[in-house]
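Residue numbers (my numbering), protein chains in the order written: chain H, 563 to 997; chain A, 161 to 410.
Don't be surprised by glycine CBs; every beta carbon is placed ideally from N, CA and C.
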């Protein structure tokens, strides 16, 4: 007999199955499902500025398997394709299920702990859902909260060497049916701690998959957190990432996002600078090809005085791909002495590639310094001729110029092993990205 | 080495060169002088193969082969070097990487092995010494943030590294003060050999005070209106280009 379940039936069945576990998140999930039922997916784009340039109808239309059964993945085969480094500690999930084989947490670092749902202590689990507000976000965040079966709760209490980052790795592999996973992360960088976190969403399938992630980050007073995010999905896969960050007094948060492709990939990042003297750097590199669509949606709020924010996003687009950069910096009335700079640059390598870039500043304080800018263009013809005139052939010139363009963002990465991984990822894509 | 015959060339459908002919033999230094808009830079760029310039008719033979059909990178690999009037900044591209790629490309074209890192570094140091430029330049991005003088000296260093058979200097003196001009001119003299030819494109005679040409050509309105020895440049210095322009007009 063939299944005649609609998508909604599937979401409801999965939600009920989660609730049967009767864990500490039962009430939260129930509230989230109600919200999802009420708002659904943001398919109506008319008048909806948040989704103006990204049509998620293909995601909403999909019928996904939402299973918790362990993945039938050949770990040895997929291992070499995953981001890794010698001294990284990795907590891995394959198709939504914790993978002991790919995880390398050895408990040797007392300054940082990472727990999964089963072991999370109640005092921490109370904070899940406190930064990503179900009622404020759209249906994706609510659906994740209604459906998440496991989660990673990271707590940083001291200073962790930048050479030893913690990686939260979410891998999807080839499945008989399109599959929905709901990665869920809570990071608490406690007072005066310092750490590096890598959040990787890797899709190894050639078919359809949909990962709908929510990451909540609390950066407490004086704490410093570098949060690197890697999105490497196939040309048929969907990824919606909702990241919500709240920063305390004198804290420092750096987010660097690297998106190397997805049929639709959205990075929805909100940062609330909720303490005076806080600093935040949001950088990103996106490389899109074929019919990829990558959307960086950033909302940054300066709520307190003397805070600084810097944003640098760079895109390289080819084929018929599309990218969206929509970045809003809101400076509230109390946020005097704010310094904010925002820049988005794009390199268009084909006639079919398209970018919608929309940086914006909303300023309600009167003593601030804010700058923004956006650009889209082709490779500089003079630069190409200069290299040709030195005997460098067009292919090599293209490789050198595009790599240099991408490196401006990658060179900000302070963990060398991650920098090396990212450079390798770029190099692997270069045959597709040329002029 | 180079034989240009009745060359007509245009930029975006405007004819700039209107029948230019010149022959350059190995080891000779030719100065091409003329008023602005006369076609000096067009001539230099045509030889290097800049795609915005179109050859309409005439021939250019280099080492006995048709030059026009070759792509700019092949011309460079076969020994043509253009020192740019405005050297291009390449943000994020290190000089090391840029020059290593160029030197290796040329060697590969000649059927030679690529240089080992050590060999390349030694060559760089030797050539930097020769053209009096700080070798530390190698770790910087190509021309980025360089002063006008540094850019031109960096061009000379590239010339030294690539050891061309025919070097074309396009208004290398523009934007340089007297001291910088002298430094550049001295390094060009250093790089002269009995085999290597130079085409020096310049508006002013002052570069030629340090760099004595074998031939001087006056290029006006796309044609060479007069050719002579080094003393022809002095005539220009004294009386300007007016007399040549009038000569064409009449």
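8 Å Cβ cutoff, residue i in contact with chain H
i	result
residue 233 of chain A	yes
residue 400 of chain A	no
residue 410 of chain A	Residue placement at residue 410 of chain A cannot be trusted, given a pLDDT of 48 that sits under 50; the coordinates are not used to answer.
residue 210 of chain A	yes
residue 270 of chain A	no
residue 255 of chain A	no
residue 248 of chain A	yes
residue 261 of chain A	yes
residue 204 of chain A	no
residue 237 of chain A	yes
residue 280 of chain A	no
residue 265 of chain A	yes
residue 373 of chain A	no
residue 412 of chain A	Residue 412 of chain A is absent from the structure shown; chain A starts at 161 and stops at 410.
Test: residue i CB closer than 8 Å to a CB of chain A
i	result
residue 564 of chain H	Any reading at residue 564 of chain H needs caution, since the residue's pLDDT is 43, under 50, leaving its predicted position unreliable; the model's value is listed next. Output row for residue 564 of chain H: interface = no.
residue 911 of chain H	no
residue 1021 of chain H	Within the shown structure, residues of chain H are numbered from 563 to 997, placing residue 1021 of chain H beyond reach of any answer.
residue 945 of chain H	yes
residue 948 of chain H	yes
residue 551 of chain H	The structure shown does not extend to residue 551 of chain H, since chain H is modelled only from 563 to 997, so the question has no answer here.
residue 958 of chain H	yes
residue 987 of chain H	no
residue 905 of chain H	no
residue 952 of chain H	yes
Buried or exposed by the 16-neighbour rule on C-beta atoms within 10 Å, applied to residue i
i	result
residue 403 of chain A	exposed
residue 331 of chain A	buried
residue 908 of chain H	buried
residue 565 of chain H	For residue 565 of chain H, the predicted structure reports a pLDDT of 48, less than 50, and the residue's modelled location is therefore unreliable. A value from the coordinates is still provided. Residue 565 of chain H comes out exposed.
residue 174 of chain A	exposed
residue 608 of chain H	exposed
residue 285 of chain A	exposed
residue 410 of chain A	Reliability of the predicted coordinates at residue 410 of chain A is poor, the pLDDT of 48 falling under 50, and the value obtained from them is presented with this limitation in mind. Exposed, by the Cβ-count rule.
residue 584 of chain H	exposed
residue 642 of chain H	exposed
residue 563 of chain H	Model confidence at residue 563 of chain H stands at a pLDDT of 38, short of 50, so the residue's coordinates are unreliable; what they give is reported in the following sentence. Burial call: exposed.
residue 757 of chain H	buried
residue 596 of chain H	exposed
residue 658 of chain H	buried
residue 888 of chain H	buried
residue 991 of chain H	buried
residue 744 of chain H	buried
residue 229 of chain A	exposed
residue 848 of chain H	buried
residue 906 of chain H	buried
residue 915 of chain H	buried
residue 192 of chain A	buried
residue 315 of chain A	buried
residue 227 of chain A	buried
Nearest-angstrom beta carbon gap, residue j and residue i [assumed within contact, 8 Å]
i	j	result
residue 202 of chain A	residue 177 of chain A	6 Å
residue 824 of chain H	residue 795 of chain H	4 Å
residue 781 of chain H	residue 804 of chain H	Not quite, the Cβ-Cβ distance comes to about 17 Å (not below 8 Å), so this is no contact.
residue 348 of chain A	residue 371 of chain A	6 Å
residue 290 of chain A	residue 350 of chain A	6 Å
residue 879 of chain H	residue 911 of chain H	6 Å
residue 819 of chain H	residue 829 of chain H	5 Å
residue 865 of chain H	residue 834 of chain H	6 Å
residue 784 of chain H	residue 754 of chain H	4 Å
Bridge partners - residue i, DSSP secondary structure assignment
i	result
residue 678 of chain H	H/714
residue 804 of chain H	H/776, H/830
residue 129 of chain A	In this structure chain A extends from 161 to 410, so residue 129 of chain A is not present and cannot be described.
residue 213 of chain A	A/171
residue 388 of chain A	A/376
residue 921 of chain H	H/889
residue 165 of chain A	A/219
residue 809 of chain H	H/781, H/835
**Study point:** Residues in the region 183-200 of chain A having any Cβ partner in chain H nearer than 9 Å
**Key:** none
Exercise for review: Anything in the region 966-982 of chain H with a Cβ closer than 7 Å to a Cβ of chain A? List those residues in chain order, please.
Suggested key: 966, 967, 969, 970
Check your understanding: Can you list, in chain order, the residues of the region 692-710 of chain H whose Cβ is nearer than 7 Å to any Cβ on chain A?
Key -> none
**Study point:** Against chain H: residues of the region 313-332 of chain A by CB proximity under 8 Å
**Key:** 318, 322
Practice item. Give the residues from the region 296-312 of chain A that approach chain H closer than 7 Å (Cβ to any Cβ), ordered along the chain. Key: none
Point to revise | Positions along the region 350-362 of chain A whose CB lies within less than 9 Å of some CB in chain H | key: none
Check your understanding: Which residues, in chain order, does the region 580-610 of chain H contribute to contact with chain A at a C-beta distance below 8 Å?
Key -> none
**Study point:** Near-chain A residues of the region 847-864 of chain H (beta-carbon distance less than 7 Å), N- to C-terminal order
**Key:** none
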